[in-house]
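Here the UniProt record's numbering is used: position 294 in the sequence shown is 294, and no number is missing along the way.
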Amino acid sequence: MSHNESAVQEPLTLAPVTLGTGEQSNGSNASDIKTGAARFDPNFTDNVIKATGPKANKRLAQIMPSLLRHLHDFCRENEITVDEWMAAVQMLNETGQTSDEKRNEGQLFWDILGVESLVDEITYKLASEAQDAPTATAILGPFWRADAPRRKMGDTIVSGIDDGDNTLMHGRVLDFATGEPIEGAEIDIWHTAPNGLYEQQDPNQPDMNLRGLFTTGKDGKYHFYCLRPTSYPIPYDGPAGKLLQLLDRHPMRPAHIHFILSAPGYKPLVTQIFDRRDKHIDNDTVFAVKDSLVVDFMPKEGDPKAHFDLQATRMVPRQRLPPKVWL
Numbered sequence: 001m002s003h004n005e006s007a008v009q010e011p012l013t014l015a016p017v018t019l020g021t022g023e024q025s026n027g028s029n030a031s032d033i034k035t036g037a038a039r040f041d042p043n044f045t046d047n048v049i050k051a052t053g054p055k056a057n058k059r060l061a062q063i064m065p066s067l068l069r070h071l072h073d074f075c076r077e078n079e080i081t082v083d084e085w086m087a088a089v090q091m092l093n094e095t096g097q098t099s100d101e102k103r104n105e106g107q108l109f110w111d112i113l114g115v116e117s118l119v120d121e122i123t124y125k126l127a128s129e130a131q132d133a134p135t136a137t138a139i140l141g142p143f144w145r146a147d148a149p150r151r152k153m154g155d156t157i158v159s160g161i162d163d164g165d166n167t168l169m170h171g172r173v174l175d176f177a178t179g180e181p182i183e184g185a186e187i188d189i190w191h192t193a194p195n196g197l198y199e200q201q202d203p204n205q206p207d208m209n210l211r212g213l214f215t216t217g218k219d220g221k222y223h224f225y226c227l228r229p230t231s232y233p234i235p236y237d238g239p240a241g242k243l244l245q246l247l248d249r250h251p252m253r254p255a256h257i258h259f260i261l262s263a264p265g266y267k268p269l270v271t272q273i274f275d276r277r278d279k280h281i282d283n284d285t286v287f288a289v290k291d292s293l294v295v296d297f298m299p300k301e302g303d304p305k306a307h308f309d310l311q312a313t314r315m316v317p318r319q320r321l322p323p324k325v326w327l
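What follows is the structure, encoded as structure tokens:
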């Protein structure tokens, strides 16, 4: 083309946002209806898997082929488009941007998908098969905080709240195998205020309110004052909440109290207890309720500090082997 010739350029065009149909099975073996040839590159997933090097982390090398096959087949089977992919990427980006030292949006995202509860079930099942299943476990959730205040036995974790139902919670921490009391067991407890907010969500609550660390004596017993918890919605203003809205799901969690039990020579036990009378007990948005963790708050008489009494004895398994850490 000479310098005095004009170049005619075709205008750029943008395709409309498209959605996959999800009506056909388009896994790695799917074929094109017209030609009978593979609809998508049949070697693509294997090539991605083979890219893993010989010095890869052993656990990742074990699990990544399965993850990649499931992930790639999901994309093919549902014909995920670039527009849908970018929407998912944006949601993940927003998840990271929403998280900070007081809000773990990433963990919340996995919770509403049921993944944390499923992993908890798998872990507990493995312990059961090893004859090492203690009190039922439950998910940690996104609102645990390190360095909760250490309190004296019999103290209250409640500060600056006048409208809650004060509860005396007591029980014992026992060895799962022997039933003997565990001295020096640490109980890490946290729950929401009556307004449904954890203290890090609520600027009107004192720092570390409704949290505490208690240590058992020789008899393995514990007792302290807390509140009868209330149901609450998980944060609805971030990516996890947006996904719930897109799925036409409610955000409610039934009333519960969180625990971590730990002691030297024992495996930490992460669990929750749930109020039997809560209206959301059968429809937890993070799927964490287990029958054995549902309890009754009984009226308390003769104690001016408490309206309700809650007894909970917990069994903790011994640490048989050092924990295996792969990642």
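A virtual CB, placed ideally from N, CA and C, is assigned to each residue, including glycine. Just so you know, these numbers come straight off a predicted model, no measurement behind them.
Nearest in C-alpha terms to V119, of all of F287, M298, F308 and L310, is F287.
Residue nearest to I189 within the set E183, L197 and A148 is A148 (criterion: CA-CA distance). Burial is judged here by how many other beta carbons sit within 10 angstroms of a residue's own beta carbon; M86 has fewer than 16 and is exposed. Between G184 and A263, the C-beta spacing is below 7 Å.
Distance from the Cα of N43 is smallest, within the candidate group W144, L168, H72 and F297, for H72. Sequence-distant Cβ neighbours of R228 in its own chain, meaning closer than 6 Å and more than five residues away, are D165, T167, F297 and F308. Apart from sequence neighbours up to five positions away, the residues of its chain that approach H258 with a beta-carbon distance below 6 Å are W190 and Q272, ordered along the chain.
P317 counts as buried, since at least 16 other C-beta atoms from the protein chains shown sit within 10 angstroms of its C-beta.
Beta-bridge partners of N104 (DSSP): none assigned. For N166, there is no enclosing alpha helix (DSSP H); the residue is part of the beta strand (DSSP E) that begins and ends at N166 to D175. Straight through space, the alpha carbons of Y266 and A146 are spaced by roughly 19 Å.
Its chain contains I273 as the residues whose beta carbon lies nearer than 6 Å to that of V295, once the 5 sequence neighbours on both sides are disregarded; these appear in chain order.
A distance below 7 Å separates the beta carbons of D275 and A255.
Taking every protein chain shown into account, the CB of T230 has 16 or more other CB atoms within 10 angstroms, so this residue is buried. Counting only the Cα atoms, A193 lies some 8 Å from I161.
By the criterion of at least three beta-carbon pairs nearer than 8 Å, the stretch 202-216 is not in contact with the stretch 231-245. Apart from sequence neighbours up to five positions away, the residues of its chain that approach M315 with a beta-carbon distance below 6 Å are P134, T135, L174 and F176, ordered along the chain. I49 carries a helical assignment under DSSP once its states are collapsed to helix, strand and coil. Beyond the five residues adjoining it in sequence on each side, S292 comes within less than 7 Å, by CB distance, of A136 in the same chain, given in chain order. Annotation for Y222: the continuous beta strand (DSSP E) segment containing it runs K221 to L227. Straight-line spacing of the CA atoms in G96 and Y198 works out to 20 Å. Judged by DSSP in its simplified three-state form, L310 adopts strand. In this structure, A61 is the residue among F40, K55 and A61 with its C-alpha nearest to the C-alpha of I49. In the assembly as shown, F214 is a buried residue. Its beta-carbon has 16 or more other beta-carbons within 10 Å.
Between M252 and H223, the C-beta spacing is not below 7 Å.
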